[in-house]
Structure formats: C-alpha cells, structure tokens
Amino acid sequence: MNINPERMWEDALEKLKTWARINSPWAIHYNSGSCNGCDIEILATLTPRYDLERVGVKLQGSPRHADILICTGPVTLQSRERLKRIYEQMPEPKFVVAVGSCAISGGAFQGCYNVVGHVDAVIPVDAYIPGCPPRPEAIIDGVVKLLESLKKTDSRAQSAENSAQTADSEH
Ligand code: SF4
30 MNINPERMWE
40 DALEKLKTWA
50 RINSPWAIHY
60 NSGSCNGCDI
70 EILATLTPRY
80 DLERVGVKLQ
90 GSPRHADILI
100 CTGPVTLQSR
110 ERLKRIYEQM
120 PEPKFVVAVG
130 SCAISGGAFQ
140 GCYNVVGHVD
150 AVIPVDAYIP
160 GCPPRPEAII
170 DGVVKLLESL
180 KKTDSRAQSA
190 ENSAQTADSE
200 H
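Shown next, in the form of structure tokens:
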C-alpha cells in the first residue's frame, strides 16, 4: 500500500476543518427586505433564554468568516446584489437558511413592484424554516436539522472515501 505522507496530513487537516465547521459553525444574518418580525425572533434565538450558541452556532459580522447565511424577508431589487455579494464572499463549504414565509415564498410581499421574490430565486438555499415569523424553537430546530444532515453527509463522504482508498490499495 502506497502512503503519501504529505497527502495524509492534507487529508487530516481537511477532516479537522470540516469537523470544526460542522460542530461550531459561524453564522451571518442578512435581512433582504423583511418587516423585521423574523429578525427579532432570530435575535431572541441568540439571547441566553433560547441560547442558539449551545448547539455551537456563533453570530459573526463578516461573510468571509461565516459558514451559514441566515436570510430573512423577500429579496428586494435594492438588496439582490448585496445578497449575492455576501454569498459569494463566504468561504466553501457554505450553507444558506431561509427563515420565514417571506424568505421561502415572498410571503406578504409577493408581487410588490420592488420585490424580486424568495431567497432561492437569487442564491441556493439548504434549509427552510417556515412561519410568520417562526418562533425561536422552530429556528433552533431548523438549524439543528441542517447540522445533523451535514454530519450525515460528511460521514457518508468519509466512508465513500475510505472504501475508495481500500479499493486502490488492493489493486
Ligand atoms: S415572514 Fe412574517 S414576520 Fe417574517 S418578514 Fe415576512 S411578514 Fe415579516
């Protein structure tokens, strides 16, 4: 079996980075046109009463340091480019959570002259949390489900990689 020590360290570092990201993701919050109802619920979720930090999520000010983008509201014409720019500045792997009916479907603002539409009309969305506005418990539930699915995806990718390595070493 051929082992490349350089590659081994690179792989180990990648695995460590993925593990750290999944277990302690940093999130950025962006309001692309909401009425502020969803934003107030997100703030409540971060307070000690609901304490989103207990599942490892920390609110972050810069998209360059964030793993999760939490979006609220429909996307207005004015905020479309800003939303895209924030998404593009985030490092890979990155995930988007749409919070509230407006972020999911345009909600109460559907059809307004200044509204482009829902968030996934502009950037890809990984998790949807419905409600007008969703309660902090629903936001925590949505974020935890996203993290669980990321853990499963990561462990599936690792076992596929291990089987590929085993197959390589047998040839
Ligand atoms: S879902 Fe409701 S609370 Fe949230 S931005 Fe839309 S109207 Fe406001």
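Numbered by the working numbering, the letters in the sequence shown go through residues 30 to 200 in order. Backbone N, C-alpha and C define an ideal beta-carbon position, used for all residues, glycine too. On a predicted model such as this, the values are computed, not experimentally measured, just so you know.
| query | result |
| --- | --- |
| Roughly how many angstroms separate the alpha carbons of Pro-153 and Ala-127, rounded to a whole number? | 10 Å |
| Let's see if you can read the secondary structure: which residues bound the alpha helix (DSSP H) around Ala-95? | Segment: none, Ala-95 is in no alpha helix (DSSP H) and carries neither H nor E. |
| DSSP state of Val-173, grouped into three classes? | helix |
| List the whole-angstrom C-beta distance separating Cys-131 from Ser-178, where the pair is believed to meet the contact cut-off of C-beta under 8 Å. | With 8 Å as the limit, Cys-131 and Ser-178 do not qualify as a contact, their Cβ atoms being about 24 Å apart. |
| DSSP state of Tyr-142, grouped into three classes? | coil |
| Can Val-172 and Leu-81 be called in contact, C-beta distance under 8 Å? | yes |
| Taking the Cβ atom as the reference point for each residue, do Leu-98 and Ile-71 lie within a distance shorter than 8 Å? | no |
| Going by the CB atoms, is the gap between Gln-89 and Ala-56 shorter than 8 Å? | yes |
| What are the uninterrupted segments assigned as beta strand (DSSP E) that are 3 or more residues long and contained completely in the segment 37–111, given in chain order? | 55–60, 97–101 |
| Please say whether Ser-61 and Ser-108 have beta carbons closer to each other than 8 Å? | yes |
| Can you tell me which of the three DSSP states Ile-133 falls into? | helix |
| Using the C-alpha atoms, what's the distance from Lys-113 back to Thr-47? | 24 Å |
| Taking only the alpha-carbon atoms, compute the straight-line gap between Val-145 and Arg-83 and give it to the nearest angstrom. | 35 Å |
| Around ligand 1, which residues pass a check of Cβ closer than 5 Å to any of its heavy atoms? | Ser-63, Cys-64, Gly-66, Cys-67, Gly-102, Gly-129, Ser-130, Cys-131, Gly-136, Ala-137, Cys-161, Pro-162 |
| Taking C-beta to C-beta, are Pro-162 and Cys-67 nearer than 8 Å? | yes |
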